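J.:
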Amino acid sequence: MPSQSWVLTDAAQNLHLEPFAISEKDGTRLEGATNWAIRRTTLRGGVSTGVDVVEIDNGRLKVSILPTRGMGLWRGECDGLPLGWQSPVARPVNPAFVNVMDRGGLGWLAGFNEWLCRCGLDSNGPPGEDVVPNNEGHPTRTELTLHGRIANIPAHYVEAAVSTEGRGTLSVTGIVDECMLFGPGLRLKSTVRTDAGSNRLTIIDEVINLRGVASEFELLYHANMGRPFLEPEAQIVAPVMEVAPRDGRAAESIGQYNVYGPPTAGYVEQVFWMNLAAAPDGRTLVLLRNAHGDKGVSLRFNKRELPCFTVWKNTQAEADGYVTGLEPATNYPNSKTFERKQGRVPVLPPGGSYKTSLELSVHATARDVTAAEQEIAAIQKLHPPQVHTQPQARYSRLDG
Amino acid sequence: MPSQSWVLTDAAQNLHLEPFAISEKDGTRLEGATNWAIRRTTLRGGVSTGVDVVEIDNGRLKVSILPTRGMGLWRGECDGLPLGWQSPVARPVNPAFVNVMDRGGLGWLAGFNEWLCRCGLDSNGPPGEDVVPNNEGHPTRTELTLHGRIANIPAHYVEAAVSTEGRGTLSVTGIVDECMLFGPGLRLKSTVRTDAGSNRLTIIDEVINLRGVASEFELLYHANMGRPFLEPEAQIVAPVMEVAPRDGRAAESIGQYNVYGPPTAGYVEQVFWMNLAAAPDGRTLVLLRNAHGDKGVSLRFNKRELPCFTVWKNTQAEADGYVTGLEPATNYPNSKTFERKQGRVPVLPPGGSYKTSLELSVHATARDVTAAEQEIAAIQKLHPPQVHTQPQARYSRLDG
Amino acid sequence: MPSQSWVLTDAAQNLHLEPFAISEKDGTRLEGATNWAIRRTTLRGGVSTGVDVVEIDNGRLKVSILPTRGMGLWRGECDGLPLGWQSPVARPVNPAFVNVMDRGGLGWLAGFNEWLCRCGLDSNGPPGEDVVPNNEGHPTRTELTLHGRIANIPAHYVEAAVSTEGRGTLSVTGIVDECMLFGPGLRLKSTVRTDAGSNRLTIIDEVINLRGVASEFELLYHANMGRPFLEPEAQIVAPVMEVAPRDGRAAESIGQYNVYGPPTAGYVEQVFWMNLAAAPDGRTLVLLRNAHGDKGVSLRFNKRELPCFTVWKNTQAEADGYVTGLEPATNYPNSKTFERKQGRVPVLPPGGSYKTSLELSVHATARDVTAAEQEIAAIQKLHPPQVHTQPQARYSRLDG
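Quick mapping for you: the protein sequence lines, in order, are chains L, P and Z. Going by my numbering, the residue at position 261 of the first sequence is 261; the numbering climbs one at a time, nothing skipped. Remember, my numbering sits 1000 above the position in the second sequence when you count from 1. Remember, my numbering sits 2000 above the position in the third sequence when you count from 1.
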């Protein structure tokens, strides 16, 4: 048995296993760890009622996946360090209780508390008008809502798998369809995979155009870090070729774009657009490290898949969400109309697909943090960073 | 025991039987079939979670009713032929996950995949502004959304019944309330009835004004046919007195209004308004037949109840929904304001009700199809069809 | 064991007891009654599916609390008299089926049928524009919806308690969070408490600002009375210092502001703003009594906590909701922008809280009704009522 899998949910078969748990006790031995497990539970109470949680625990790192919320990663733990942040929204929210159109299209924020969620697939970025064909084929103005729909669509298919190859691998795959007649027809197929006993996990995603016509899409990973990685004097370390403030507010602190401040009541978010350096094959990485450089989280991805990188600094008071977002994406989270003009909205042919891979690693020692920093420095070496002190027309809509 | 019934759901009593199944094994023998059954299941997984399905199987024809979606008919089968269509929305959607206001009021399309659903009851037709009294009695502009609310309201009462009279009859009745304070107060009482071993079912609906004041309503049956009835060179056969294109797009193909093309990527819908001939007592029928005329589905109804008939051609690529809608209704699916001006929005007095009956028959042989065609020809005989090549002011708003 | 408590729901622990019931049979004896109980059920069927109901029965008065609907009080009974009203919305509605933005921001009315619900917490009053900071810190126009969100947010924590002190006390406490990133962060902690064998209950609420910055809030109790308390010639008895009609419609009947008419088809609501007299410590009360003065319901509260009092007359046809609302509140239910200008929107510091207490008593005899009237007369004595025949600028926006 090199690999075994279990279908946890399949709406097409009206199948939903609950509860579900698999661990070493069930007869599979993995080289990398003994105390691994995959478990499913369903949340009860308040707006969490009905939210499906699949926890994947490799014996060292564990993470809770939310099939009900578009396969987002709620929170995790590795080497005793919590992965996630303290959102004002305390627990996962069933999309049935999220009205994305609320508060001028910001309703998405009433469900936002994941360590990592996706923004897309038809669009991401702020609320704003777009022009789409309606059912009669007429161009029609419609309001896009903040960060799109994918984080509020439940997966209709969920599968868990265990492989005994190498040190052993655990994985969970989900399929989420964002579709309607006369509208988007985009599928997300997402796998979270982690080796037994390791300090990392990989997200392997595929966006598939289910339609018979070409379709745009946008995909952004909103990876959100709180304490203990974020703290005063924590730093973002990235192989920056170019960085620009989103707006005047971000420009105020461009000199400190890579350093974080303390929780500050009334702080208004600062967003920085980055164009990262990468290895010749496109691979790059970024690191968030704490002040003392002995704790960090890094993201590895390929610029050919995720060319745009955004840093969201939101060091509000703890009660309001002290957090930073590291956001590799196909685009910058501007309005879709602006991104389209900049040529940053990919188009998939009928049946076409787009694959991305994103690795998150947890560095729990100074040595591990230093190793990541050195790797970033090596990529940076040939690319002196260009820091724009003012917003740039290629990255930000300057007229409003 | 000529007739027996079971209450499956009654919110007033907090009663909900699940699962439920009744068949010959339970002791009731029907003349028309031995393998009949009525079964309820609840869907799990993705946006289908919590959708109640009641399948009524007369031994030859079966159909899945969706109490959770306003008593729509999801899909069926008769003589081995599938009844329904392949929507981009793969499975029934719990209304909790449908935001009808989304995408400029087209959010209804994110839940649309039924073989037959109702559009109404307060309004149907495209999104658009209407003026209604608010709680303070002031005329207030409000946005109506595509095809109204009834398809996204769960039935609060569901009953199954079996009668041994004649060849035996199976039926399922549901009650759905579309109501709010200071707003619509309309009840749908719907029965789906089918004789054991037959190739047909009848939908018997009653719309009841629950209010203490007179109330408008609109009711349209959106009966949606895919393969094998719809295919290239399939035809709509109807006793047409008058047919007019909805708009310029439909006018392009007015000469082929009754013939279907192949799946066509990027096809924009074409809609034709029809004024049908009928027998002296109002009865009429329409038929969709395949290219070879050996498979068909017909709809029988009474023009006194459902005076307007609309054909929706939507021969998009298979992936996008290759489908046609046959739509008997109280009105044409224009904006309610336009229909009101044309005198096509019925008004019910306090406590008043409106009854409709709609029979769907499946014709699985050339002989059966020919019989339906002959019946239509007999109604047509005295009424030479008038084909308008351009949109008509009585049927379409021409100024926009 | 002077006091014992049970956690019925705690989302933080993923705990949800269902069913739950506690009564004398479980071993606790109360002085005031033998047939007391606290019971939880979950509703099934239609839009009520999933609504949690906790009934608290003191042996004489019972009331059904709706944790799923922001701890509203659905309906009750005392001395054989029904507490509540006949809304066109027959049963409690799961917020998953309420789109508060529907019908021009009046969607709240599709879920409104409680004996008592709260309007707030970020805002109450009619739909209308407000200007709030968006995530980028920019002032942004947003549409507030009728009466805010709190009545459509499920409690994430519910606890029942029984105390043997005195005659014995039953209570149910719930916690409801109205929160989102970059938006409101307001918590309602609500306790309903009633003494065994008594004819009254007390609602003890606390609104807590969870944010790290100062926050506005609005809180209104919408207590809604139908028959047998409301009937033709029923009266509202209140220690009125000042009363003003909301608008021209209310001014039509200012001379009869305290007397109710019969059910009237097409009646348009009349709303009266009141400034009540109170005892030196702020305590005051109002009474709704039937025509013969032998049945009544009174509300006691403190003007220092709830300075504004509104009477909503809505004597529509029975089918449309024959009801009156008695509404003690922090503000009058005008638009939040207007109330802010009048200085009637309280602001809580970070972590600050605001406590209110509201007692509802049922008077089932003429003697009891008379006693309440005498108490009101005593408060009234030193304050001759001033009746404004026209809307007043301090209470109503006169320009629209």
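No residue lacks a Cβ here, since even glycine has one placed at the ideal position from N, Cα and C. Remember, it's a predicted structure, so these values are computed and weren't measured experimentally.
1. Count the C-beta pairs between the region 1275-1283 of chain P and the region 2025-2038 of chain Z that are closer than 8 Å, then say yes if the count reaches three, no if not.
2. With a threshold of 8 Å between beta carbons, is Z:N2224 in contact with chain P?
3. With distance defined between alpha-carbon atoms, name the residue in L:A329, L:Q86, L:N334 and L:P92 nearest to L:P307.
4. Which residue's Cα is closest to the Cα of Z:A2151: Z:P2067, Z:Y2354, Z:A2378 and Z:T2169?
5. What in chain P is Cβ-close to Z:A2090, meaning under 9 Å?
6. In three-state terms, what does DSSP make of L:P328?
7. Could you please give the first and the last residue of the uninterrupted beta strand (DSSP E) stretch that includes Z:Q2235?
8. If P:Q1013 and P:G1226 are in contact, beta carbons under 8 Å, what's the gap, nearest whole angstrom?
9. What residues from chain L crowd round P:Q1316, counting only those whose CB sits closer than 7 Å?
10. Taking the continuous beta strand (DSSP E) assigned at L:F272, which residues delimit it?
11. Tell me, please, whether the CB atom of P:G1072 is closer than 8 Å to any CB atom in chain Z?
12. Within 8 Å (strictly less), CB to CB, does Z:N2124 reach chain L?
13. I want to see whether chain L comes within less than 8 Å of P:V1192, judged by CB atoms only; does it?
14. Along the region 1024-1051 of chain P, what residues have a CB closer than 9 Å to any CB found in chain L?
15. List the residues of chain L whose Cβ lies closer than 9 Å to the Cβ of P:N1099, in chain order.
16. Compare the beta carbon distance of Z:L2144 and Z:P2127 with 8 Å and say whether it is the shorter of the two.
17. From which residue to which residue does the beta strand (DSSP E) around Z:R1978 run?
18. How is the beta strand (DSSP E) around P:F1309 delimited, first residue to last?
19. Starting from L:G104, follow the alpha helix (DSSP H) in both directions and report where the run begins and ends.
20. Can you tell me which residues form a DSSP beta bridge with P:I1022?
21. For a contact defined as C-beta to C-beta under 8 Å, what are the partners of L:P350 on chain P?
22. How many Å lie between P:S1190 and P:G1059 at the Cα?
23. Identify the continuous alpha helix (DSSP H) that holds L:Q4 and give its terminal residues.
24. Cβ closer than 9 Å: which chain Z residues qualify as neighbours of P:I980?
25. Cα separation between P:P1232 and P:Y1260?
26. Is the shortest distance between the beta-carbon of P:L1109 and the beta-carbons of chain L less than 8 Å?
27. Given that a residue counts as buried once 16 or more other Cβ atoms are within 10 Å of its Cβ, and exposed if not, what is L:S5?
28. Do you know how far the Cα of L:Y354 is from the Cα of L:A214?
29. Looking at C-alpha atoms only, which residue of L:G321, L:G120, L:Y332 and L:G296 is the closest neighbour of L:A244?
30. Beta carbon of L:N2, beta carbon of P:T1049: below 8 Å?
31. Here's the rule: buried if 16 or more other CB atoms are within 10 angstroms of the residue's CB, otherwise exposed. What is Z:K2341?
32. I want to verify the contact list: residues of chain P whose CB lies under 7 Å from the CB of Z:S2087, in sequence order.
33. Let me know the secondary structure DSSP gives Z:W2115 once reduced to three states.
34. Using 8 Å as the threshold, is the C-beta distance between L:L230 and L:V131 below it?
35. Decide if P:G1183 is buried, meaning its Cβ has at least 16 other Cβ atoms within 10 Å, or exposed.
36. Where does L:R187 fall in DSSP's three states?
T.: Once the coordinates are examined:
1. no
2. no
3. L:A329
4. Z:P2067
5. A1011, A1012, H1156, D1177 and C1179
6. strand
7. Q2235 to V2237
8. At roughly 39 Å, the Cβ-Cβ gap does not stay under 8 Å, so P:Q1013 and P:G1226 are not in contact.
9. G212
10. Q270 to L276
11. no
12. no
13. no
14. T1041, T1042, L1043, R1044, G1045, G1046, V1047, S1048, T1049 and G1050
15. N99, V100 and M101
16. yes
17. Residue 1978 of chain Z lies beyond the residue range present for chain Z, which begins at 2001 and ends at 2400; the question has no answer from this structure.
18. C1308 to T1315
19. D102 to G105
20. P:I1038
21. A1265, A1317 and A1319
22. 22 Å
23. No alpha helix (DSSP H) holds L:Q4; the beta strand (DSSP E) holding it covers S3 to D10.
24. In this structure chain P extends from 1001 to 1400, so residue 980 of chain P is not present and cannot be described.
25. 5 Å
26. yes
27. exposed
28. 13 Å
29. L:Y332
30. Here the sequence assigns Pro to residue 2 of chain L, which means Asn is not the residue at that position. For L:P2 and P:T1049, no; Cβs fall outside 8 Å.
31. exposed
32. L1181
33. coil
34. no
35. buried
36. strand
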